[in-house]
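Student: So the working numbering is basically just the index in the sequence shown, starting at one, shifted up by 8.
Glycine included, C-beta positions come from ideal geometry on N, C-alpha and C.
Before we start, here is the structure in question, set down as structure tokens.
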Amino acid sequence: MTSLDRWTAHTLMSDPGQQAEAIAAFPDEAGHLAGIIQGLLMHSSWLAEYGLDTSKLRPAARQTLPIAERLADIMQLDDRPLAQARPADRRSVGTCRDFALMLCAFLRSKGVPARVRCGFASYFSAAWEDHWICEYQNAGTGEWRLADAQIDAMLRRRNHIAFDAADMPRNVFLMAGEAWLKCRRGEAEPESFGHESTTGLWFLKINLLRDHHVLNDRVTSEWDRWREAPQASRQVSQDELAWLDDLAARPDQPLVAHRPDWLV
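Here it is as structure tokens:
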């Protein structure tokens with residue numbers, strides 16, 4: 009398998025299952041596919057913006073499901089063809105990783121090399137916010153582009169987003185490794201990266217490990233359980249810095265078998 013074949017082959021997480029034939033009929037263009045996804049998914053943190061009750065989240069809302077399961081959930085809510093947008097209250101509720109994984113799955117189904125990436129976005133708040141996007145290869149130029157399928161009309165209005173969400177500028181989203189190295193070089197403050205009130209070098213490490221896992225075909229991992237970590241363990245020791253620097257510089261290296269400290 010070549011390096012590009014690796015990113016067109018489905019994994020258990022990206023395989024669309026029974027919806028493969030329907031997806032094969034979709035157009036190849038990432039922006040068009042993102043538009044279809046926006047008619048299928050809702051982000052659990054933005055329900056109120058669409059007039060939905062935030063207290064009635066279903067169990068699947070905060071889990072990153074395999075795409076076959078997520079599509080089955082969508083069809084159970086509304087069995088119209090996937091290309092038809094659902095009303096907001098009949099979409100499946102997930103997180104940014106579900107949007108990224110679904111775009112990745114759709115692109116792979118069209119023969120386009122694609123992968124999910126973990127890092128930090130600058131377009132949700134003044135800080136760099138924990139986020140997941142899809143990275144795909146442009147057929148014409150061969151370059152890898154960034155796409156955020158979550159950026160719909162509401163988010164554009166609310167956050168004044170003007171860039172092309174299917175070909176994002178590299179300075180609006182930083183891969184976890186890029187963010188880590190900027191902080192290590194003193195070009196950015198670790199406290200400006202994180203998830204809500206959890207910020208700093210420790211959370212940069214969390215996303216660095218998660219991006220490393222996803223580049224080894226593991227979209228989910230034990231590092232997703234970071235909320236279980238006691239405050240005392242939320243630190244980065246001096247003896248970790250060298251291997252984390254190397255991991256940040258080469259996130260696609262073979263999987264480093266390193267369990268979260270709080271689970272060891």
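1) Residues in the same chain with beta-carbon distance under 8 Å from residue 80, minus the five sequence neighbours each way, listed in chain order, please.
2) Looking at residue 216: is its Cβ nearer than 7 Å to the Cβ of residue 196?
3) Which of the three DSSP states is assigned to residue 127 in this structure?
4) So, under 8 Å CB-CB, residue 107 and residue 158 are touching, yes? Tell me the CB distance rounded to an integer number of Å.
5) With a floor of 4 residues, list each alpha helix (DSSP H) that falls wholly inside the segment 27-101, ordered by position along the chain.
6) Can you tell me whether residue 160 is helix, strand or coil according to DSSP?
7) At the level of alpha carbons, what is the spacing between residue 1 and residue 37?
8) How would you label residue 236, buried or exposed, when you count the other beta carbons within 10 angstroms and need 16 or more for buried?
9) Check residue 214 in the structure and name its three-state DSSP category.
10) Measure from the alpha carbon of residue 186 to the alpha carbon of each residue in 87, 209 and 172, then state which is nearest.
11) Can you tell me which residues form a DSSP beta bridge with residue 145?
12) Within 7 Å of any Cβ in chain B, is that where the Cβ of residue 201 sits?
13) Assuming the contact rule is C-beta atoms closer than 8 Å, residue 256 and residue 182 should be a hit. Round their C-beta distance to whole Å, please.
14) Would residue 149 be called buried (16 or more neighbouring beta carbons within 10 Å of its own) or exposed?
15) Excluding five sequence neighbours on each side, which residues of the same chain lie with their C-beta closer than 8 Å to the C-beta of residue 169?
16) Which whole-angstrom value describes the C-beta separation of residue 222 and residue 123, a residue pair presumed to lie in contact below a C-beta threshold of 8 Å?
17) Report the option in 269, 258, 264 and 228 whose CA atom is closest to the CA atom of residue 239.
18) Since I believe residue 20 is in contact with residue 74 (beta carbons under 8 Å), could you give me their beta-carbon distance rounded to a whole number of angstroms?
19) Kindly provide the ranges of any beta strand (DSSP E) runs that are 3 or more residues long and lie completely inside the segment 175-214, ordered along the chain.
20) How far does the alpha helix (DSSP H) with residue 254 in it extend, from its first residue to its last?
21) From 113, 204 and 33, pick the residue whose C-alpha is nearest to that of residue 89; which is it?
22) Using the Cβ count rule (16 or more neighbours within 10 Å means buried), how would you classify residue 120?
23) If I follow the unbroken alpha helix (DSSP H) through residue 19, where does it start and stop?
24) Measuring only the C-alpha atoms, how far is residue 224 from residue 260?
Tutor: Quick look at the numbers:
1) 25 and 26
2) no
3) strand
4) 4 Å
5) 28-32, 38-46 and 75-85
6) coil
7) As shown, the chain starts at 9 and ends at 272. That puts residue 1 outside it, with no answer to give.
8) exposed
9) helix
10) 209
11) 152
12) Checking the listed chains, one finds no chain B in this structure; it contains a single protein chain.
13) Contact flag wrong, Cβ pair sits at about 11 Å.
14) exposed
15) 131, 159 and 163
16) 7 Å
17) 269
18) 6 Å
19) 181-183 and 201-203
20) 249-257
21) 33
22) buried
23) That residue, residue 19, is in no alpha helix (DSSP H); it is neither H nor E in DSSP.
24) 7 Å
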